[in-house]
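In terms of the UniProt record's numbering, the sequence shown opens at residue 1 and continues consecutively. Where a beta carbon is used, it is the ideal one built from N, C-alpha and C, also for glycine. Note that the coordinates shown come from a computational prediction; the quantities given were computed from them, not determined experimentally. Have a look at the structure below before the remarks.
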Amino acid sequence: MKKGIHPENYRLVAFKDMSNDDVFITKSTAETKETIEVEGTEYPLVKLEISRTSHPYYTGKSKLVDTAGRIDKFKNKYAKFKK
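Here is the structure:
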């Protein structure tokens, strides 16, 4: 392995899936200002929109996410063609 090309500031970091509140701890160099306490220990916190515990590929469940009402906009736009 080459010297001097890998980060040296690895530390334990808590990653929190905001869609289902799952928290997991792993080593990371991710910078963050927030912290969270897990089992009596305080860790830096990185918030995630989706992780292995909520992604449909890993869970095997389909989940419809309608951000900004896109489905409603589509239905309203093409409602005039419906007979």
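*Under the three-state DSSP convention, the category K82 falls into*: One-based indexing of the sequence shown puts residue 82 at position 82. Here K82 sits in coil by DSSP.
*Decide yes or no for the touch test of the segment 10–24 against the segment 36–51: beta carbon pairs closer than 8 Å, at least 3 of them.*
yes
*Going by beta carbon distance, what residues of the same chain come within less than 6 Å of D17, once the five residues before and after it are set aside?*
Sequence index remark: in the sequence shown, residue 17 carries index 17 (1-based). Correct list, in chain order: L48, S51, T53 and S54.
*So what does F24 bridge to, in DSSP terms?*
For the purposes of this step, residue 24 is taken as residue 24 along the sequence shown, with counting starting at 1. Answer is F15.
*asked:* Going by DSSP in three states, I50 sits in which element: helix, strand or coil?
replied: The residue labelled residue 50 in the question sits at position 50 within the sequence shown. Coil.
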